[in-house]
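Reading through the C-alpha cells given below for one structure.
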Amino acid sequence: MAQKIPWITRRFSLDLTLGCFYHIYNRGINSETLFKEARNYSYFLDKYNQYLSPVVNTLAYCLLGNHFHLLILVKEQSENPTGTTIINNLTALKFL
C-alpha cells in the first residue's frame, strides 16, 4: 500500500501519496506577474531542482508570466532519503 506524506501549512493540509502523479499549479496574487525577467525563471528552476528533484520526478512543467504548472510523480520510498526530507522539500515549494 502506498504511503501518504502529510504536507501541512497554515492554510491547508495535503496528503501526497508515494508513487502517485500530481498536477500542481499556482498563480500570482491578483494574477500579478511572477516571472518579470528571464532571471526569475532561472531562479525558480534552480530552487525547484534543489528542493524538489530529490523527492519527485518532473514529467512536465510550464512557466508562464503569471502562473506555472508542474506535472510530477512522487518518488517511491526506496528512492527518497527520508520522510522528513520529503516533507521539508515539498513545503519549500510554497516559498519558491
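Mind the numbering: the sequence shown is residues 1 to 96 in UniProt numbering, read in order. Beta carbons: idealized from backbone N, C-alpha and C, even for Gly.
Separation of Lys47 from Ile72, as counted between CA atoms: 16 Å
If you draw a straight line from the alpha carbon of Lys75 to that of Asn49, how long is it in whole angstroms? Taking the straight line joining both Cα atoms gives about 14 Å.
According to DSSP, residues forming a beta bridge with Thr33: For Thr33, which the question treats as bridged, DSSP gives no partner whatsoever.
Give the straight-line distance between the Cα atoms of Thr17 and Ala60, rounded to the nearest whole angstrom. Thr17 and Ala60 have their C-alpha atoms some 19 Å from each other.
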